[in-house]
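Presented below is the structure to which this report refers.
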Amino acid sequence: MPPERVHARRRAIGDQIRAARLWANLSQEEVALRAGITLGPYNRIEQGHAAARIDTLIRIADAIGVPLADLVRE
Numbered sequence: 019m020p021p022e023r024v025h026a027r028r029r030a031i032g033d034q035i036r037a038a039r040l041w042a043n044l045s046q047e048e049v050a051l052r053a054g055i056t057l058g059p060y061n062r063i064e065q066g067h068a069a070a071r072i073d074t075l076i077r078i079a080d081a082i083g084v085p086l087a088d089l090v091r092e
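Take 19 as the starting number for the sequence shown in this note's numbering and just add one per residue.
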């Protein structure tokens with residue numbers, strides 16, 4: 019099991035994804051479709067329950083229309 023710091027960062031990234039998605043006025047379904055992933059895994063990433071590979075984060079950032087750095091900055 020990953021250390022708490024990893025869980026905390028995963029949740030923070032999920033929060034940043036959610037904030038960017040809401041700012042762009044997009045639903046989870048729209049982002050998942052644009053990113054080419056199914057809704058279930060997208061939802062788990064946004065909630066911070068699943069780790070996302072870097073290529074998935076890039077596709078999510080592109081789907082929302084923000085730089086990747088906006089989703090992962092500390």
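A virtual CB, placed ideally from N, CA and C, is assigned to each residue, including glycine. Computed from a predicted structure; not experimentally measured.
Residue i, DSSP secondary structure in three states
| i | result |
| --- | --- |
| Leu44 | coil |
| Glu93 | Nothing in the structure corresponds to residue 93, since the chain is present only between 19 and 92. |
| Glu64 | helix |
| Val84 | coil |
| Thr56 | coil |
| Ala38 | helix |
Between the CA atoms of residue j and residue i - distance to the nearest angstrom
| i | j | result |
| --- | --- | --- |
| Pro85 | Ala79 | 6 Å |
| Ser45 | Ile55 | 14 Å |
| His67 | Val90 | 16 Å |
| Arg27 | Glu64 | 12 Å |
| Asp73 | Pro21 | 23 Å |
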